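Trainee: Under the working numbering, the first residue of the sequence shown carries the number 976, and numbering increases by one thereafter.
In this text, a Cβ means the ideal position worked out from N, Cα and C, and glycines have one as well.
Here the structure is a predicted model, which is why all the values come from computation and not from measurement.
Pasting in a structure now, in structure tokens, and then I'll have a few things to ask.
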Amino acid sequence: MEPRKSVVEMVTPTKFLATGYSGAKVLFHNPAEGEVREGPSPFEAVVLAAGGCTAFDVVEILRKKREPVESFRIEVESERAKDPPRVLEKLHLTYVLTGPKKEANVARAIELSQEKYCSVNIMLKRAGVEVSTSFRVES
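This is the structure we're talking about:
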């Protein structure tokens, strides 16, 4: 497989524009004091990617199981190390849905995402991050 090429380019000393191999763009921003944040920090982007990756999986798996998904969100909690390098140590994902009828199908969709399909969360686990999940189906 050919390497995929992306680029991260300085816009200002506190802003970098990342252009992914697909052409998608993300502005990374670590604002100076008094500056309004315009994008996530690289660390925050990793945390958001963990939620986004599994969100796509779970909704698609439930769709294939013919479970209705009327609304869906993931509440993501993360914990960093206190000292440099301030790596991600813990990540908890709470899946909140309305629509599905069988909670067992929701649990299985999350399990499949976390163990088989979500490359971001699997990569984080392999790097030593403690990843945990919970869910609730609301009416």
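Jot down the residue ranges of each uninterrupted beta strand (DSSP E) in the stretch 1012-1067, minimum 3 residues, whole runs only, in chain order.
Mentor: Here the runs fully enclosed are 1046-1055.
Trainee: With a CB to CB cut of under 6 Å and the five nearest residues on each side skipped, what residues in its chain are close to S1107?
Mentor: Answer for S1107: H1067, listed in chain order.
Trainee: Could you give the first and the last residue of the continuous beta strand (DSSP E) run that contains R1111?
Mentor: Segment E1105 to E1113, the beta strand (DSSP E) holding R1111.
Trainee: In whole angstroms, what is the alpha-carbon distance linking I1085 and A1007?
Mentor: Cα to Cα, the separation comes out at about 38 Å.
Trainee: For the stretch 1030-1050 against the stretch 999-1013, do three or more pairs of beta-carbon atoms, one drawn from each stretch, fall closer than 8 Å, so that the two count as touching?
Mentor: No contact exists between the stretch 1030-1050 and the stretch 999-1013.
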